[in-house]
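Structure first, commentary second.
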Amino acid sequence: MSLTMLKNYDLIRQGKQEGLEFDEYYNGPANYKDIGKCHAYIYLTHPDYVLLTTNQQKIVFNLPSLEQTEQLYSTIRHEMEKRN
2 MSLTMLKNYD LIRQGKQEGL EFDEYYNGPA NYKDIGKCHA YIYLTHPDYV
52 LLTTNQQKIV FNLPSLEQTE QLYSTIRHEM EKRN
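Dropping the structure here:
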């Protein structure tokens, strides 16, 4: 499993997205250039995201603010390091 912080990242859509999109949020299956097919749970309010990659799937997500996203990334990273 790997965790990556994508800072100021331009998510370039490939093909039709099949999830639900609101003014500031997207949730569902997605396909992005350089990431590929994944599940996305993203706020469209800023361009920073967390990418979690496992053997079976990729998940892209963030929280409403940059600060919240960075804090969540740090928390998950810390927990992952404790388990290794």
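In this text, residue positions in the sequence shown follow this note's numbering: the first is 2, and each later residue adds one. Every residue, glycine too, gets a C-beta built ideally from N, C-alpha and C. Since this is a predicted model, take the numbers as computed values, not measurements.
Here L45 is exposed. Its C-beta has fewer than 16 other C-beta atoms within 10 Å. The secondary-structure analysis by DSSP pairs E22 across a beta bridge with Y27.
For Y74, the three-state secondary structure derived from DSSP is helix. Note that the C-beta distance between I43 and L53 is not below 7 Å.
Here N63 is buried: its Cβ has 16 or more other Cβ atoms, across all protein chains shown, within 10 Å. Taking a cut-off of 8 Å on C-beta distances, the region 3-14 touches the region 70-85, as three or more cross pairs fall below it.
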